[in-house]
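Accompanying notes for the structure given below.
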Amino acid sequence: MAEQREGMTVNRLPSLTWNRLGVNFAKIFDDEIPASDAEAAFSARNDDQVARGARATEEAQTFADSMSDGVRREAYVAAKRSIYQGQHFATGLGHDFTDYMNANVPETYVYTVEENDHPDKPIVLNWDFGKGAKALAQQVIHVKKNAEATFLMTYTSEKNAEGLGMFETRVILEEGATLHLMKVNLLGEGFVLADDSAAVVRDGAHFDYLSVMLGAARTYAGCYADQCGKGAMFTVDTGYMAEKDHLVDINYVAAQRGKKTQSKINVKGSLRDTAKKVFRGTIDFRKGTKGSTGDEQEDVLLLSPRVTNKTVPVILTEEEDVDGRHGATIGNLSEDILFYLETRGLDADAAEMLMTRGRLAGVAHRIPDQDTVDRIDAFIEEAFGNND
Amino acid sequence: MSEVIDDAVHFDPAIDNTKDDINAYLEGTDRSLYDFKDDETGFYKVDEGLTPEIVDQISKEKNDPEWMHEFRLKSLELYNKMQVPNWGPPIDGLDMNNIITYVRPNTKMKGTWDEVPEEIKSAFDKLGIPQAEHKYLAGVGAQYDSELVYHNLQDFVAQQGVVYSDMESALTGKYADMVHEYFMKLVPPTDHKFAALHGAVWSGGSFVYVPKGVKVDIPLQSYFRLNAKGAGQFEHTLIIVDEGADLHFIEGCSAPKWNVANLHAGCVELYVKKNARLRYSTIENWSKNMYNLNTKRALVEEGGRMEWVSGSFGSHVSYLYPTTILKGKGADCEYTGITFSGKGQDLDTGCRMVHIGEDTSSLVTTKSLSKDGGIGTFRSAVEIMPTAKRAKSSVDCQSLMLDDISRSDTIPEMDVKTNNCDVGHEAKIGRISDEAVFYLMSRGIPENEARAMIVSGFANPISKELPLEYAAEMNNLIKLEMEGSMA
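For the protein sequence lines, the chains are A and B, in the order given. By the count of this note's numbering, the first sequence reaches residue 1518 at its end, each step adding exactly one. By the count of this note's numbering, the second sequence reaches residue 491 at its end, each step adding exactly one.
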């Protein structure tokens, strides 16, 4: 872990705002991390559809860097302060996290989807933390020209287990390639999960990122897409549920650099008890990204009077010929909806669960693995106490 | 729109608020209106820089009561300990060692324009202040560099018990205790570095008190002119609108352009009591060598309503975020703003809404335009506290990029700490549609006029909230900026 007193800085907002709001970055402190010596059990399904193999992390890092755009990007926000973090291959959680992972993960798994290949089944990677364990893992997913693949990464454990999960996934999408990267957090209540993603998206490529965050006491999730290619696309679907005193801290960045790029970020979720969520979503239109569009939408359902929701939807623009927009809706269940559901025989708890499931269903049901979808449904039901 | 707002817009029935009138008004205006420099021979100035001795000197010159003298020195200590912001536009070009913090004109404050020295009166004549007072204002305060040179309140308003004076008179006069009670309580010197600076060297500004139930039908205006090269202006505005009272206050400002940095670090504190209403309108047109680090804040009690109308056109760098604390049950705020960032400008503007009381509501509508390499940033925060049950907030910001060498950013934040609320946010960034320009050109309108028309239409929701003369001034500024763009 990073220095004891300083903590590790993650999820840095590309363009800083008032410090007193507490959204410019998040910190992961040593004393928040449960101690665990046991290693999570890793398993994979359908991974024989693609080439894969472990490489020394330093070698994998060099490879990923060589496949990134390879330009030291020096753009500035309005304040002319550098908004980039000095990472050659920028990620959502940021360089502190990458440095830590590089120092602590000896081997990185590299998956390669060959040119024009379209594996018909999702490659499912599961880390089962059981009664409590830890896992630190890095992956590089290289999707070559005109190939398309789906990777589903799931993190599971028993309900009351505690432990640590740290993951970093770097994606290289060559011309015309598509990757559906899906990450599902079904961890127990004592976990700290830091889950980082990043992609280089070349001409006509599509990085489709989906995440479902239901478990863990503290979840830090970041995703950064470098849309350097013409027509590069980045889509995000995220559904989360946070309860008790849990934290969900998110940082998504769409760096739109190529011409006619598109980004679309959708984040939905619910908060109850004293849960806290921070969502930072940045659409960053760089100079030259003519004809590009960006859209981010957030919908937050607040179910308890003591929740905390922080939302920072940022648009940065240094190009005229773009169309960027964002919207956010934050509130509770309206009395009209509650009344309607009550007339249909649902009490308030059932209504809240129904609305939470409804928000997550649109995300979860895109996952092409019925077992995972069922587990998501069961997790929500159990959280709302309907586990009979 | 509420009836109250309509009343404010159409306060003078003698003026027909039509487009032709606005155009006619525009015919006679140009940029030289603001960019003229006057000789300051005989003016009193402190040395450049910021030291305890200079603060002592200012305090002595202004005959401060002892508490204010101590307040200044404590503020200076705070200033020296505090850091400049690590967010927002760079202010590296501002060196306090080169700023003259106090410049007193060679006159005392006068109650009639005839008594004001001719060279200073001439400046305000060019800006149209005496004419405006004659036509449609209930009172005027005119500040030149660090001190007010003119202050007047029309008799029929004074007879209602309305107090409108310079801050220095209020500090030692009949309302001294009230000033002591409220001064820099809403914006304490601990708030940020430039609030501390203001606390140390403030000078000039206005004090307004509107008694309970009094509705001031026509606006008061303070105009701030900073003429001195390399100087700072630190006026303090304190307005208390008592229960059930109603006021529209207009603030204007300008300066000639110098080749060195000037600084404006004013402070505005507004108290809107139970069921009172205050509209605070500003057309900011500082010269483009100005660092505008201004702080404005309002505290709104139960049933009170605060309305901000803000146009930011000038300055080299701006940090400007009027903050409204909706403390009382049912307190309400509407913020309407426009920012136009041109060549060499980095304007970081927006607002903060802090909901504390139940059933509070806020509505934010902003527009920003960037051109010729200008940088415009909309920055906001909506904070819904746990006590703000049934609070509602809506933020709508739209930005228009007028070329591909400029920059426009939106950095809003929503911090919600209760479930019983309704918070919405929408933002959009784009450019002038080619189709709209093409359509207008097909109707015989030249391209540059078509683009200017579209920009005026974009700004219209803001300008319609201003009194006619100010809407015209704003439209003129937009027109001038657009002409520069076309050239």
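Backbone N, C-alpha and C fix where the C-beta goes; we use that ideal spot for every residue, glycine too. This one's a predicted model, so the numbers in the text were calculated from it and none came from an experiment.
Quick one: what does DSSP say residue 1133(A) is sitting in, helix, strand or coil? Since pLDDT at residue 1133(A) reaches only 45, below the 50 mark, its modelled position is unreliable, and no value is offered.
Reference residue 1406(A), options 1304(A), 1140(A), 1436(A), closest by Cα: Taking only the C-alpha atoms, the option nearest residue 1406(A) is 1436(A).
Report buried or exposed for residue 135(B), applying the criterion of at least 16 other Cβ atoms within 10 angstroms of its Cβ. Burial call: exposed.
Out of 1475(A), 1508(A), 1474(A), which one is the CA nearest neighbour of residue 1486(A)? When the alpha-carbon of residue 1486(A) is set against those of 1475(A), 1508(A), 1474(A), the nearest one is in 1508(A).
Would you mind working out which of 412(B), 402(B), 366(B) sits nearest residue 2(B), comparing C-alpha positions? It is not possible to answer for residue 2(B), since the shown part of chain B is limited to 5 through 491.
So what's residue 54(B) in DSSP terms, helix, strand or just coil? Residue state, collapsed to three classes: coil.
My guess is that residue 441(B) and residue 451(B) are in contact by the Cβ rule of under 8 angstroms, so how many angstroms apart are they, rounded? Contact between residue 441(B) and residue 451(B) holds: CB atoms are separated by about 6 angstroms, below the 8 angstroms threshold.
Nonlocal neighbours in the same chain, by C-beta distance under 7 angstroms from residue 1371(A), ignoring five residues either side: So the qualifying residues of the chain are 1344, 1399, 1400, 1486, 1490, 1510, 1513.
Please list the segments of the beta strand (DSSP E) lying wholly inside the stretch 267 to 328 of chain B, counting only runs of 3 or more residues, in order along the chain. Taking only runs of at least 3 residues, the beta strand (DSSP E) segments lying wholly in the stretch 267 to 328 of chain B are 271 to 276, 281 to 289, 294 to 297, 299 to 304, 309 to 316, 321 to 324.
For residue 1481(A), report the span of its alpha helix (DSSP H) as first-last. Annotation: the continuous alpha helix (DSSP H) that includes residue 1481(A) extends over 1478 to 1494.
Smallest Cα separation from residue 1453(A): which of 1424(A), 1464(A), 1322(A), 1476(A)? The shortest Cα separation from residue 1453(A) among 1424(A), 1464(A), 1322(A), 1476(A) belongs to 1424(A).
Chain A residues whose Cβ lies nearer than 9 angstroms to that of residue 428(B): Close partners of residue 428(B) in chain A (Cβ separation under 9 angstroms): 1457, 1458, 1459, 1460, 1461.
Output yes if chain B places a C-beta closer than 7 angstroms to the C-beta of residue 1445(A); else output no. Yes, residue 1445(A) lies at the interface with chain B (some Cβ there is under 7 angstroms from its Cβ).
DSSP beta-bridge partners of residue 235(B): Answer by DSSP bridge pairing, in chain order: 104(B).
On the criterion of 16 or more Cβ atoms from any shown chain inside 10 Å, does residue 1474(A) qualify as buried, or is it exposed? Exposed, because fewer than 16 other Cβ atoms sit within 10 Å of the Cβ of residue 1474(A).
What's the call for residue 91(B), buried or exposed, on a 16-neighbour Cβ count within 10 Å? By the neighbour-count definition (other C-beta atoms within 10 Å, threshold 16), residue 91(B) is a buried residue.
Distance CB(residue 306(B))-CB(residue 332(B)) smaller than 7 angstroms: Cβ atoms of residue 306(B) and residue 332(B): closer than 7 angstroms.
Minimum C-alpha distance to residue 443(B) - residue among 433(B), 457(B), 320(B): The residue with the shortest Cα to Cα distance from residue 443(B) is 457(B).
Quick check on the burial criterion: 16 or more other C-beta atoms within 10 angstroms. Buried or exposed for residue 189(B)? Exposed is the call here.
Am I right that residue 1270(A) and residue 1300(A) are in contact with their C-beta atoms under 8 angstroms? What's the rounded C-beta distance? For a cut-off of 8 angstroms, the C-beta gap from residue 1270(A) to residue 1300(A) is around 5 angstroms, short enough to register as a contact.
Could you tell me the distance, in whole angstroms, from the CA atom of residue 406(B) to the CA atom of residue 1503(A)? Computed Cα separation, rounded: 47 angstroms.
Select from 1289(A), 1457(A), 1224(A), 1197(A) the residue whose C-alpha is nearest the C-alpha of residue 1154(A). The candidate whose alpha carbon is nearest that of residue 1154(A) is 1224(A).
Taking the alpha carbon of residue 221(B) as the reference point, which residue from 280(B), 161(B), 198(B), 197(B) has its own alpha carbon closest? Closest by C-alpha distance to residue 221(B), out of 280(B), 161(B), 198(B), 197(B), is 161(B).
Mind checking if residue 396(B) is an interface residue toward chain A, Cβ cutoff 7 angstroms exclusive? So, not an interface residue.
Can you check whether the C-beta of residue 1145(A) is within less than 7 angstroms of a C-beta belonging to chain B? Yes, its Cβ sits closer than 7 angstroms to a Cβ of chain B.
When you compare only the Cα positions, how much space is there between residue 385(B) and residue 419(B)? The C-alpha of residue 419(B) is placed about 7 angstroms away from the C-alpha of residue 385(B).
Just curious, the alpha helix (DSSP H) that residue 465(B) is in, first and last residue? Note, residue 465(B): alpha helix (DSSP H), 451 to 467.
Quick one: residues in its chain with C-beta nearer than 6 angstroms to the C-beta of residue 328(B), no 5 flanking neighbours on either side, listed in chain order? If we look at residue 328(B) and ignore the five residues flanking it on each side, its Cβ neighbours are 302, 310, 337, 357.
Does DSSP put residue 19(B) in a helix, a strand or coil? Bear in mind that a pLDDT of 32 at residue 19(B), under 50, signals an unreliable position, so the model cannot answer this.
Do residue 204(B) and residue 79(B) have their CB atoms nearer than 7 angstroms? Cβ distance < 7 angstroms, so residue 204(B) and residue 79(B) count as in contact.
For residue 368(B), would you say it is in contact with chain D, using Cβ-to-Cβ distances shorter than 7 angstroms as the test? Although the question refers to chain D, the structure presented lacks it and instead comprises the protein chains A and B.
Using a Cβ cut-off of 9 angstroms, pull out every chain B residue sitting near residue 1523(A), in sequence order please. Here chain A has residues from 1131 to 1518 only, and residue 1523(A) is not among them.
Residues near residue 1169(A) in its chain [Cβ-Cβ closer than 7 angstroms; skip 5 each side]: Excluding sequence positions up to five before and after residue 1169(A), its CB lies within less than 7 angstroms of the CB of 1263, 1264, 1265, all in the same chain and listed in chain order.
Between residue 1472(A) and chain B, is the shortest Cβ-Cβ distance under 7 angstroms, so that the two count as touching? Among the CB atoms of chain B, none fall inside 7 angstroms of the CB of residue 1472(A).
Would you call the stretch 1185 to 1192 of chain A in contact with the stretch 1228 to 1240 of chain A, where contact means no fewer than 3 C-beta pairs closer than 8 angstroms? Cβ pair count under 8 angstroms is three or more, so yes.
With which residues is residue 433(B) paired in a DSSP beta bridge? Paired residue(s): 1454(A), 403(B).
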